[in-house]
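> Sharing a structure with you now.
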């Protein structure tokens, strides 16, 4: 008898745990059988509803938002709205300073012919931030429009905006393609895309404050510099020179 | 007569434009200036704007997101312009309703809006109507109503209204007769006129008294809020419903007389949106209800008082609310949004927009730029007495030193006792925190002072020259505090700034100030503009908001200051140690402002 009681304490605990669990299950079964079936069904249904809702919520909240927008951003007066008009409809339209965004579907000139939503954001300093907040998570690509003719005077403002854009957390996470469109190439004083790239890289050294040389190829997203002119040489009637922009958009 | 007229969407695409004959300059510049100064700075309360020699008037159509702008020369005073814009807007909306309802940039790009004929027609009508209206002659005294009344009738006593009415009625009846009035009535305040115009009902016959009393009784019980139908006040349009329902036989005498003599009622204003009384509130919930001025007024009143309670200057709050009302008028609300929530959201967006800087604010980058050009970057601090100029100057120099620049402080406060010593103490402390040994042997902060009583502008000039010679990166110029009303001191400050041309003129204002902020900033800017010799005067470039830790959530001063000047708040001072220097977080400030 003494040998029996001097059993392994671990084993003893296990058995007692098993017993209690068994007892609990018996108790629950008895309770369940005693209850009214209608009440049981309602409880089961309620639980099922809660579980299904939880599953759906998780699915919808964590699913990636489909990114199909191409944003047109840039400083004020860089030619975004006219570029938008040219890309969407090919027409020339007189423009004024935008104070809200405009969006339209754009069919890329590629074999696949995917349709993007082209969104033109206002460039004015006081509106820039809030519109970028609104649309940055849906961006598949960002077209940063630069006024090549007066670039030399605005180089610090351009660099600061581009820097803010590139260091934004949402954009770092999604890494949309960045196309820097050096607009207004029809003006004779316009700087070339290569020069603008070099100038911006120099500015970024100051802004980054790391002291090292900076190159756009160091960034995680694809960056491309191209030249375009929304207003052709013949002002209103001629065709705009946006072929390189359209080609890049087709490669998305 | 008009220079140009343009219709464009809020997204920036011009739908239609008209350029007056002989006008060669493009209107893009003035219209952009209008958009940037007025609409984006939330000053759309008044609908006109002057740009160089042109006057621009505009109207926002918030339902279809369009803007209508007309421009004409400043020297012309065209009276028909306001009504003209309204007419054009209505006609444009009617004609292109189908296209505009689609609401998309694609629609705007693909459609061409041929509005020329309609526009010319409306313009012609407006010009003609203004021409015909302008040839009205002044009435002679005999033709006026005053000549028909006796002096006694105009005296108000207890029953005096009735006395006046009597006089009015008598004069109206005389109007029906040939226009030549009876001079007897005017010249002699004598018995014939007076008998009937005695106080109260003494002069009336018994019957007339009864009739008058009956009329009043009916008026009180049928027409509710309408006022006494006094004949003289012919602006009353509410008079007519009373007489319309007075169809009792005994009163036809009075009714006819008044209906004939008074001008026809104006047409009722067109009702915008909203259903009949019963289902109006349902429409408010379901959507497709457009906002009208009356809907927004109570909400805006409350918001205005809320802003004033949060220390926003009173006139700024009212201008802001007017601007938000203009922006929202006619807008169609979404489903399940109340008027209050729409207005609150719009106000919040406007406030954030006001606080966002309109240009890049990056002092360190600008200092580096000046460094590369081998000249010092000059910052001048100005403000009224006791706002914290010297304290914040010390904080800013600490920040600059931390970022590796050398600073020269120019003590241009030669008036206040102890000002120079205060700056010297700061210099010593800063040098102790950043000893010269660590920075290549040269002290990071130096003080340039010439004692008391000297000319501030001269000291500043010498300090800048010294900084250039010794290759200092930044010069911080401390000026004496001065009241905005003190003309000689304001002149002295303006001279200092005009002569030395600093890179940055910072106005230091405390966050505790309320309505005074408006006065201070306006007068400071005015003084700087008046006393500058050049075409482009140097005005205030930025604001330093101090003593921010003393206000809890009454942060309205930030809004007042940014709204008045249009310049950004560069620094915020939150205490008295060197580390208490922050930059403005627009969202946090607006959150604190809108919190109940």
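Protein chains in written order, with the numbering used here: chain A, 18 to 269; chain B, 45 to 640.
For each residue, glycine too, the CB sits at the ideal point set by N, CA and C.
Given the structure is predicted, the values throughout are model-derived calculations rather than measurements.
For residue 501(B), which residues of its own chain have a beta-carbon under 6 Å away from its beta-carbon, when the five flanking residues on both sides are left out?
So the qualifying residues of the chain are 539, 540 and 543.
> Please go through the same chain and pick out, in chain order, the residues whose beta-carbon is closer than 7 Å to the beta-carbon of residue 220(A), but skip the five residues on each side of it.
Closer than 7 Å at the Cβ level, and outside the excluded window around residue 220(A), lie 172, 173 and 176.
> Between the stretch 523 to 539 of chain B and the stretch 477 to 490 of chain B, do three or more beta carbon pairs fall short of 8 Å?
The answer is no - the stretch 477 to 490 of chain B does not touch the stretch 523 to 539 of chain B, with fewer than three Cβ pairs under 8 Å.
> Straight-line CA distance for residue 435(B) to residue 634(B)?
Rounded to whole angstroms, residue 435(B) to residue 634(B) spans 27 Å at the Cα level.
> Which value, in whole angstroms, describes the spacing of the CA atoms of residue 601(B) and residue 361(B)?
Near 11 Å, if we compare the C-alpha coordinates of residue 361(B) and residue 601(B).
> Near residue 123(B), what residues of its chain come up, given a Cβ to Cβ distance below 6 Å and the 5 sequence neighbours on each side ignored?
Only 174 meet the Cβ criterion.
> Any residues in the stretch 97 to 118 of chain A with a beta carbon nearer than 8 Å to a beta carbon of chain B? Which ones, in chain order?
The residues in question are 98, 101, 102, 105, 106, 108, 110, 111, 112, 113, 114, 115, 116, 117 and 118.
> Tell me which same chain residues have a C-beta within less than 6 Å of the C-beta of residue 558(B), skipping the five on either side of it?
355.
> What does DSSP give as the partner residue(s) for residue 197(B) in the beta ladder?
According to DSSP, residue 197(B) bridges with nothing at all.
> Between residue 288(B) and the rest of its own chain, which residues show a CB-CB distance below 7 Å, the 5 nearest in sequence each way excluded?
With a pLDDT of 41 at residue 288(B), under the threshold of 50, the modelled position of that residue is not reliable, and no figure is offered here.
> Determine which residues share a DSSP beta bridge with residue 95(B) and list them.
Residue 95(B) pairs with 98(B).
> For a minimum of 3 consecutive residues, which ranges assigned as the beta strand (DSSP E) are wholly contained in the stretch 466 to 542 of chain B?
List check, beta strand (DSSP E) in window: 489 to 492 and 518 to 523.
> Which of the three DSSP states, helix, strand or coil, is assigned to residue 200(A)?
In the structure shown, residue 200(A) sits in a strand (DSSP, three-state: E or B).
> Hey, how far is the Cα of residue 244(A) from the Cα of residue 217(A)?
Roughly 15 Å separates the two Cα atoms.
> Please list the partners that residue 247(A) has in chain B, where partner means a Cβ-to-Cβ separation under 8 Å.
Those within 8 Å of residue 247(A) in chain B number zero; the least Cβ separation is about 13 Å.
> Going by the DSSP bridge assignment, what does residue 448(B) pair with across the sheet?
Residue 448(B) is not bridged to any residue.
> Kindly indicate which three-state DSSP category residue 233(A) falls into: helix, strand or coil?
The answer is helix: DSSP assigns residue 233(A) an H, G or I state.
> Could you spell out the range, first to last residue, of the beta strand (DSSP E) harbouring residue 164(A)?
156 to 164 is the span of the beta strand (DSSP E), which, as asked, contains residue 164(A).
> What are the boundary residues of the alpha helix (DSSP H) that includes residue 361(B)?
Its alpha helix (DSSP H) spans residues 358 to 372.
> For residue 68(A), count neighbouring Cβ atoms within 10 angstroms of its own Cβ and tell me buried if that reaches 16, exposed if not.
Residue 68(A) is exposed by the Cβ-count criterion.
> Can you find a C-beta in chain B that's less than 8 Å from the C-beta of residue 144(A)?
So, interface residue.
> Is there a C-beta anywhere in chain A that falls below 8 Å from the one on residue 192(B)?
Answer no: the Cβ-Cβ gap between residue 192(B) and chain A never drops below 8 Å.
> Drop a sphere of 10 angstroms on the beta-carbon of residue 467(B), count the other beta-carbons inside from all chains shown, and report buried for 16 or more, exposed for fewer.
Looking at its Cβ environment, which holds 16 or more other Cβ atoms inside 10 Å, residue 467(B) is buried.
> Find the residues of chain B that neighbour residue 147(A), judging by a C-beta separation of less than 9 Å, and give them in chain order.
Ordered by position in chain B, the residues that pass the 9 Å Cβ test against residue 147(A) are 393, 396, 397 and 400.
> Going by DSSP, which residues form a beta bridge with residue 115(B)?
48(B) and 100(B).
> Can you check which of these residues, 527(B), 598(B) and 582(B), is closest to residue 563(B) by C-alpha distance?
Checking every option, the nearest Cα to that of residue 563(B) belongs to 527(B).
> Quick check: the stretch 503 to 512 of chain B against the stretch 377 to 385 of chain B, are at least 3 beta-carbon pairs closer than 8 Å?
As far as the Cβ criterion goes, the stretch 377 to 385 of chain B does not touch the stretch 503 to 512 of chain B, which means the pair count is below three.
> Can you tell me where the alpha helix (DSSP H) with residue 177(A) in it begins and where it stops?
Note, residue 177(A): alpha helix (DSSP H), 168 to 183.
> Rounded to a whole number of angstroms, what is the C-alpha to C-alpha distance between residue 513(B) and residue 488(B)?
Using only the alpha carbons, I get a separation of about 15 Å.
> Compute the Euclidean distance between the alpha carbons of residue 444(B) and residue 350(B), then round it to the nearest angstrom.
So the two alpha carbons sit approximately 39 Å from each other.
> Three-state secondary structure (DSSP) at residue 454(B)?
If DSSP states are grouped into helix, strand and coil, residue 454(B) belongs with the strands.
> Should the stretch 519 to 526 of chain B be called in touch with the stretch 391 to 398 of chain B, which here means at least 3 C-beta pairs below 8 Å?
Output reads no: the stretch 391 to 398 of chain B does not touch the stretch 519 to 526 of chain B.
> Just the chain B side, please: which residues come within less than 7 Å of residue 9(A) by C-beta, in chain order?
The question about residue 9(A) has no answer here: the residues shown for chain A are numbered 18 through 269.
> Compute the Euclidean distance between the alpha carbons of residue 421(B) and residue 548(B), then round it to the nearest angstrom.
Straight-line Cα distance between these residues: approximately 8 Å.
> Compute the beta-carbon to beta-carbon distance between residue 591(B) and residue 560(B), rounded to the nearest angstrom, for a pair I have assumed lies under 8 Å.
Not confirmed; about 14 Å, so no contact.
> Under three-state DSSP, which class holds residue 118(A)?
If DSSP states are grouped into helix, strand and coil, residue 118(A) belongs with coil.
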